[in-house]
Amino acid sequence: MQEIQARCLFNILHVCDYAAPYADYSAVRDYPGHIVNCNTRLAGGEMTPKEIAAWFGRPYMGGLDRHGVLVKGAPAEVEAEIRRVIGAAPRQFILAADCTVDSATSWDRLRHAIEVAHRTGS
């Protein structure tokens with residue numbers, strides 16, 4: 023991992039919880055990465071994007087539940103969720119899903135979310 027950090031201009035630490043949520047992120051706190059992408063939900067609670075950024079000491083990427091409104095919600099619900107997440111985000115932030123979005127998710131749905139994010143974040 024140190025090799026990646028030394029040789030890559032930009033590296034994302036993705037903390038994958040695909041199988042199950044983490045109890046906490048202590049085991050990966052010092053892993054290299056310029057930005058961290060992880061789920062806000064933990065086995066015993068939740069952290070806000072601001073708390074995650076402060077705890078890891080680097081910008082946060084995420085905020086959208088890969089199983090939630092992004093893939094199941096109506097367009098108005100997607101828009102509301104994106105506005106909510108961006109409104110509560112830390113200063114240095116990249117809006118993204120918390121992990122891999124199901125491959126069956128419509129590209130039009132994702133494109134709509136991206137357009138909303140661009141309008142909301144500017």
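The numbering of the sequence shown is our numbering, which starts it at 23 and goes up by one.
Glycine included, each C-beta is placed from N, C-alpha and C at the ideal position.
For clarity, every value in this text was computed on a predicted model and none was experimentally measured.
*C-beta contact flag for Arg88 and Asp120 at 7 Å*: For the purposes of this step, residue 88 is taken as the residue at position 66 of the sequence shown. For the purposes of this step, residue 120 is taken as the residue at position 98 of the sequence shown. In this structure, Asp120 lies closer than 7 Å to Arg88 by Cβ.
*Cα separation between Asn59 and Ala98?*
Position 37 of the sequence shown, counting from 1, holds the residue named residue 59. Position 76 of the sequence shown, counting from 1, holds the residue named residue 98. Roughly 25 Å separates the two Cα atoms.
*Measuring alpha carbon to alpha carbon, tell me which of Phe32, Tyr53, Leu64, Thr142 ends up nearest Ala41.*
Residue 41 sits at position 19 when you count from the first residue of the sequence shown. Per the Cα distances, Leu64.
*In this structure, does DSSP put Phe115 in helix, strand or coil?*
In the sequence shown, residue 115 corresponds to position 93, counting from 1. DSSP places Phe115 in strand when its eight states are reduced to three.
_Continuous beta strand (DSSP E) stretch holding Val58: start and end_ = Translated into positions along the sequence shown, residue 58 becomes position 36. Val58 -> beta strand (DSSP E) spans 57 to 59.
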